[in-house]
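Okay, so here's the structure we're looking at.
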Amino acid sequence: MATLQFTPFQSAVDASFWLQLVDKKLNVLRLSQDAQPLTAYYALARAALPSLFTLPDQALDAASVTKPPFTFVCHGQLHNTNTMEEFTQMNKAHLTQTIADQIWQAIIDKRATHDPTLLTPFCLLTFADLKKSRFYYWFAFPALVPSKPWLFDTNASLDNVWSSTKIESLVASFDNLGQPVYFRIDSSDDVAKAVPLSAPLTEKEETTPLVFGFADPSSSADHPGWPARNLLAWVHFTYPNRPVQVLAYRERPGQPLGLSRLFSVSLPSGSYQPVKCVGWERNEHRALAPRMVDLAHMLDPALLASNAVDLNLKLMRWRLMPDLDLETIKATKCLLLGAGTLGCYVARSLMGWGVRHITFVDNGKVSMSNPVRQPLYRFEDALQGGQDKAATAAQRLLDIQPTMITKGISMTIPMPGHPQSEASLTADTEQLQNLIKEHDVVYLLTDSRESRWLPTLLARIHDKLVMNAALGFDSYVVMRHGTPTNGLGCYYCHDIVAPTDSLKDRTLDQQCTVTRPGLSAIAAALAVELMVMDADAGSPGQPATCLLGIVPHQIRGFLGQFNNMMIVGQSYEKCTACSKKVMDAFIDDPWPFLKKVTEDSMVLEQITGLDEMKKQSEALLEEDWALGEDDDISL
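Sequential numbering of the sequence shown, starting at 1, is according to full-length UniProt numbering.
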């Protein structure tokens, strides 16, 4: 008699499983190292192929696993560690022994008799290096080891010892039973029937060798597959001192049981007591060590870049901000009016927060002075008269992050006091209005004050969040425009004059944006952070606080004193941009209204009543002077 040896499993992990693990680690598990249920399967033997044990892409979601034909489900546990040190220092013997104890207990209390899948558990130990897309893993298929080895004296091909009729009857009954992993065979001369392990013995079986079968992944003529080990442990405990035959069931389409083997096994006398367990898989070098898969060379580089950005953000939710709503921030569509210094820095900060949808609007071209201050442009962009800023900025975002949804539109924003033809005025306004409708947040980042007027008006009409950033030499203002419900003001609510043409009759230092070089990056960063905090609060434009902190209305900064002031400004009923009178004038008769405003911005003062207010103020001032003169005379 010879010692019965077994063919071990060879694991095969679907590459998509690692992506599922990444998603669950980042969004659900985070720092938790609790065991997670896994579902896998193995297939019946194929000639010249190893005993494949497959972990499918949806292994972490048992309900989503689709089992191919002639495969058998196994249930296991995932133990994912947070560090490489924990992975290497894990007490692996204790891990498998714990599972082996569960197998043994299931045998003792008869649960395995009624649910044989309890005899085929597995364990997967992993460490996911998310930054490098490397995954270290080690499978264990715990198997009970007896105090004395199992022996066999005969090993025959099934078609050499059974008739074709008997084999066909077994195949039919095996299918009718639902193709179980383990079963008992009720056999006579010409008929063999697969029955559950829990089925009572027949009178004939009480006096003849018992025949058990299992779905065998091994194609070896001499060695049954790994699932036979725990079956024999169950048989040895349940039917001690009985002669046993074990059928390694190997059915393939077109070759019914052609590879199947029938082993006559000798069980040691006495009751079965396991002394230890085995089962850790050897790696590709046949060493008892883990394996590693590097997906960095398999995945789309653009996908890797996108995942890397999301990784840094999602790590915030592990310890610092578990409830941070990154999905809302990522889905925000941002319209950047102005692709200059502020526009470039705002775009980069938005990308850092995971925002994927950015549209630039600008009518300028890249000049020689731009690349050093505006980080989305290069020297060659300024050659031959310069490239369009908006289109170039959008292309540069794609160069940085290929999964961005971005475009650049070269257009002029209609402005008060800047006359233009009726056709261009209509076309530009309609295009701007459509862009504002399509986006969630509008950033006002243009060079001139009056260029922010029409976007402010349209955004208020369409109830869009407006983020405004403006620069002085060493000061800045960053603000979120108010909404009809919160009563906060817009950029123009503190003005008592209409915006006018501020671009003509300027000296060189007035034509250029003269600010301290670091100021734009500070203001742009604050504008983005303010938007993120507003979005995270859940009701854009409304809150004063959120998970990340306070959500101010305005931030006025002074670099000379390294000082910020938080200011709240209420909306103004005579505002030239967001007041009801101005909105009604645009809604009632848009094109004639805009034509008048672009030709003479004083129209806005007439509509809002600012002109009358100023007249009254001047009259009161003259009255004060008159009273003062009378008093002097009387003295």
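Just so it is clear, CB atoms sit at the ideal spot from N, CA and C, and this is done for glycine as well.
Item                                                                                                                                                                                   : Value
Have a look at Ser147 and Leu324 and give me their C-alpha separation to the nearest angstrom.                                                                                         : 56 Å
Since Thr96 and Trp226 should fall inside the 8 Å C-beta cutoff, what is the C-beta to C-beta distance between them, to a whole number of angstroms?                                   : Actually they do not touch by this definition, with Cβ atoms about 13 Å apart.
Should Leu508 be labelled buried (16 or more other beta-carbon atoms within 10 Å of its own) or exposed?                                                                               : Summary for Leu508: the model assigns pLDDT 49, below 50, so the residue's position carries little reliability; its value from the coordinates is reported in the next sentence. By the 10 Å Cβ count, Leu508 comes out exposed.
Flag this pair as yes or no: are the beta carbons of Ala527 and Ala577 separated by less than 8 Å?                                                                                     : no
What did DSSP end up calling Ala393 once you bin it into helix, strand or coil?                                                                                                        : helix
Evaluate contact between the stretch 174-185 and the stretch 144-160, counting only Cβ atoms and requiring at least three cross-stretch pairs below 8 Å.                               : no
Could you tell me if Leu432 is buried or exposed, where buried requires 16 or more neighbouring beta carbons within 10 angstroms of its beta carbon?                                   : buried
Leaving out the 5 sequence neighbours to the left and right, which residues in its chain are closer than 6 Å to Pro116 when beta-carbon positions are compared?                        : Val181, Tyr182, Leu197
Using alpha carbons as the reference points, say which of Asn370, Thr154, Gly386, Ser188 lies closest to Met162.                                                                       : Here residue 162 is Trp; the residue named in the question, Met, does not match the sequence. Here the closest residue by C-alpha is Ser188.
Give me the residue from Ala390, Gly385, Gly340 with the minimum Cα distance to Arg373.                                                                                                : Gly340
Could you tell me which of Gln36, Thr429, Leu530 sits nearest to Trp353, measuring between CA atoms?                                                                                   : Leu530
Could you give the distance in angstroms between the alpha-carbon of Arg348 and the alpha-carbon of Thr359?                                                                            : 13 Å
Between Phe87 and Thr81, is the Cβ-Cβ spacing less than 8 Å?                                                                                                                           : yes
Hey, out of Met90, Asp300, Leu610, whose CA is closest to His494's CA?                                                                                                                 : Leu610
Tell me the rounded alpha-carbon separation between Phe9 and Phe139.                                                                                                                   : 9 Å
Cutting at 8 Å between CB atoms, please list the residues of its own chain near Met84, excluding the five before and the five after it.                                                : Phe127, Asp129, Tyr136
Could you say which of Gln420, Tyr443, Ile413 lies nearest to Glu430 if we only look at CA atoms?                                                                                      : Ile413
For the beta strand (DSSP E) that Asp159 lies in, which residues bound it at each end?                                                                                                 : Not the beta strand (DSSP E): Asp159 falls in the alpha helix (DSSP H), residues 158-161.
Do you know offhand how far Arg184's Cα is from Ala199's?                                                                                                                              : 8 Å
At which residue ranges does the stretch 224-302 contain complete alpha helix (DSSP H) runs of 4 or more residues, listed in the order of the chain?                                   : 228-238
Using DSSP bridges, identify the partner residues of Cys74.                                                                                                                            : Ala40
So, helix, strand or coil for Thr3, using DSSP?                                                                                                                                        : strand
What are the boundary residues of the beta strand (DSSP E) that includes Ser448?                                                                                                       : It is not in any beta strand (DSSP E) - Ser448 carries neither H nor E in the DSSP assignment.
Here's the rule: buried if 16 or more other CB atoms are within 10 angstroms of the residue's CB, otherwise exposed. What is Met479?                                                   : buried
Compute the Euclidean distance between the alpha carbons of Asp399 and Lys596, then round it to the nearest angstrom.                                                                  : 43 Å
Can you confirm whether the stretch 451-463 touches the stretch 545-558 when touching is taken to mean that 3 or more C-beta pairs between the two stretches lie within less than 8 Å? : no
In the DSSP assignment, what are the bridge partners of Phe87?                                                                                                                         : Paired residues: none, contrary to the question.
Please report the distance separating the alpha-carbon of Ser424 from that of Ala537.                                                                                                  : 39 Å
Report the rounded CA-to-CA distance for Asp101 versus Arg319, giving the unit in angstroms.                                                                                           : 35 Å
Trp150 by DSSP, collapsed to three states: which one?                                                                                                                                  : coil
If you run the structure through DSSP and keep just helix, strand and coil, what is Ala469?                                                                                            : strand
If you count every other CB in all the chains shown that lies within 10 Å of the CB of Trp591, and 16 or more means buried, which is it?                                               : exposed
Nearest by alpha-carbon distance to Ile555: which of Asp584, Asp440, Ala525, Ala106 is it?                                                                                             : Ala525
How big is the Cα-Cα spacing for Thr7 and Asp216?                                                                                                                                      : 10 Å
Taking the alpha carbon of Gln401 as the point to measure from, which residue in Gln561, Leu231, Ala308 has its own alpha carbon closest?                                              : Ala308
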